[in-house]
Amino acid sequence: MKIIELIKSRRTIKKFRSELVDENLVKTWLDAAAMAPNHRMTEPWEIIFIGPETRGKLNHKTNFGNAPTLLAVLSRHGATKVETEENFAATACFIQNFNLAAWSEGVGTFWSSIGITGQNRALLSVPDHYDLLGVLAIGYPEMIPEPKPRTPIDNKLKFLP
Numbered sequence: 487m488k489i490i491e492l493i494k495s496r497r498t499i500k501k502f503r504s505e506l507v508d509e510n511l512v513k514t515w516l517d518a519a520a521m522a523p524n525h526r527m528t529e530p531w532e533i534i535f536i537g538p539e540t541r542g543k544l545n546h547k548t549n550f551g552n553a554p555t556l557l558a559v560l561s562r563h564g565a566t567k568v569e570t571e572e573n574f575a576a577t578a579c580f581i582q583n584f585n586l587a588a589w590s591e592g593v594g595t596f597w598s599s600i601g602i603t604g605q606n607r608a609l610l611s612v613p614d615h616y617d618l619l620g621v622l623a624i625g626y627p628e629m630i631p632e633p634k635p636r637t638p639i640d641n642k643l644k645f646l647p
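Counting in my numbering, the sequence shown runs from 487 upward without gaps.
Printed below as a string of structure tokens:
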């Protein structure tokens with residue numbers, strides 16, 4: 487599949503089949519995700535595989551769509567506020583790379599910001615010098631939703647002289 491088609495076809499999956507995704511495949515996608523642009527090669531991302539005991543303590547209204555695999559994605563703070571913001575942006579790129587790599591092989595994801603609360607940070611043992619960008623639910627889609635309407639890009643463009 488060409489990259490434009492892949493990007494346009496990707497969906498946020500809210501309901502997953504129980505079939506496990508091979509951990510080595512997940513690691514392959516994480517390895518590809520690490521090719522994300524990152525300022526000064528800080529590679530600020532850290533990944534936590536969330537096991538069943540910890541998952542049971544996380545408060546999520548849909549239990550992450552019953553996805554068989556959950557990952558928390560962290561971004562290390564920088565030496566300055568600007569570097570911390572750059573790291574946050576780079577880690578968001580990492581997540582998008584991961585989502586696209588998984589989607590290219592028929593696996594869906596759901597990026598939940600549940601991890602940003604103090605209680606969930608504690609449950610996930612997130613160090614103070616990291617931001618928690620969220621939890622990724624990963625699995626084979628039970629249903630793929632139709633695309634939601636998007637604002638035409640022409641409405642978002644500005645041209646400076």
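C-beta atoms are modelled at their ideal positions from N, C-alpha and C, and glycine is treated no differently.
Query - Cβ neighbours of H563 in the same chain (closer than 6 Å, five flanking residues each side left out) - result: T570 and H615
* Asked: Under 8 Å between the Cβ atoms of S590 and V621?
  -> no
### CA nearest to the CA of K634, picked from E532, I600, N549 and T498
T498
Requested in this report: Indicate the three-state DSSP secondary structure (helix, strand or coil) for I581 in the structure shown.
Outcome: helix
Cβ-Cβ distance between F596 and A519 below 8 Å: no
For the structure I just gave you, are there three or more beta carbon pairs, one from the segment 492-510 and one from the segment 546-556, closer than 8 Å?
yes
Self-check item: Range of the contiguous beta strand (DSSP E) that encloses V621
Solution: Y616 to G625
*What span of residues does the alpha helix (DSSP H) with L516 cover, start to end?*
E509 to A519
When the Cα of F535 is compared with those of L643, R496, M487 and V612, which residue comes out closest? V612
Original post:
Between I493, F550 and A565, which lies nearest to R526 when the distance is taken from Cα to Cα?
Top reply: A565
| message | Just list the residues that DSSP pairs V559 with in beta bridges. | response | I533 and G620
(request) Measure from the alpha carbon of M469 to the alpha carbon of each residue in N510, L610, G625 and N583, then state which is nearest. (result) Shown here, the chain extends from 487 to 647; a query on residue 469 therefore has no answer.
Nearest-angstrom beta carbon gap, F574 and A623 [assumed within contact, 8 Å]
That pair is no contact at about 21 Å.
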